[in-house]
Amino acid sequence: MNAPLSQATFLPDWMPQAERAARAMRATTTGAKGAGHALYVVLLKDTRSVGRWGLYVGETSLDPDLRFDQHKTGYKASRPVNRFGVRLLPPLFLHLNPLRRWEAVELEPVLAEAFRAAGIPWVEGGH
């Protein structure tokens, strides 16, 4: 089992709120037959601004690691992830995956809004 993100010393101070918001989310099709989509969350760090950390929420039919690599190489990339993406944050999304496509599309904006409501100052994605 993964250690809580809040125990890491290199993450933003709002990470416990993000983790609580994510863990409060539930999906009805997790692990269901035909579930082949995934939500993923990327840690963002804007090096132009001291202390500016954020989150990007996306959904994919690929493995989240592969999708993150695509963002970083510029293939079908979200500009914030391409420029500021640091790494995936599996404790914020693994409990939801895999999902059926309709639910992944439905939950992507819900998860992004949950992060905003939890006080995360910079949230991208979630369309």
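Residue numbering for the sequence shown follows the numbering used here, beginning at 436 and increasing consecutively.
Note that CB positions come from ideal geometry on N, CA and C, so glycine has one too.
Query, Result
"Own chain partners of Ala-459 with C-beta closer than 6 Å, once the 5 adjacent residues on each side are dropped", "none"
"Beta-bridge partners of Trp-557, as assigned by DSSP", "Partner(s): none; Trp-557 has no beta bridge."
"Arg-487 - partner residues in DSSP beta bridges", "Asp-481"
"Distance between beta carbons of Gly-560 and Val-492, contact taken as under 8 Å", "4 Å"
"Sub-8 Å separation of His-480 and Phe-519 beta-carbons", "In the sequence under discussion, the amino acid at residue 480 is Lys, which differs from the His named in the question. Taking 8 Å as the Cβ cut-off, Lys-480 and Phe-519 qualify as a contacting pair."
"Short Cβ contact (8 Å threshold) for Leu-446 with Val-476", "no"
"Exposure label - His-562; buried when at least 16 CB within 10 Å", "exposed"
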